[in-house]
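Engineer: Numbering (my numbering), first residue to last: 78 to 140. Yeah, the Cβ is synthetic: ideal placement off N, Cα and C, and Gly gets one too.
1) Just to confirm, is the Cβ distance from residue 86 to residue 92 under 9 angstroms?
2) Taking the straight line between their C-alpha atoms, what separation do you get for residue 103 and residue 117?
3) According to DSSP, is residue 89 helix, strand or coil?
4) Give the DSSP-derived three-state secondary structure of residue 112 in the structure shown.
In structure tokens, the structure reads:
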């Protein structure tokens, strides 16, 4: 199966750019995510992390 795919990909001009683009997208995404985590407000992160625990409180308050 891999041999079939590899043979077909060798016939495409400029196919070597796709792994480079994939790596760049992957790298940029995680750098942006890391920057967001570093710059996020601690109060917001604590509030969001407590949301799953507050579900029972929200259900009991609603009629």
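Structural biologist: Per the coordinate set shown:
1) yes
2) 21 angstroms
3) Coil, per DSSP.
4) helix
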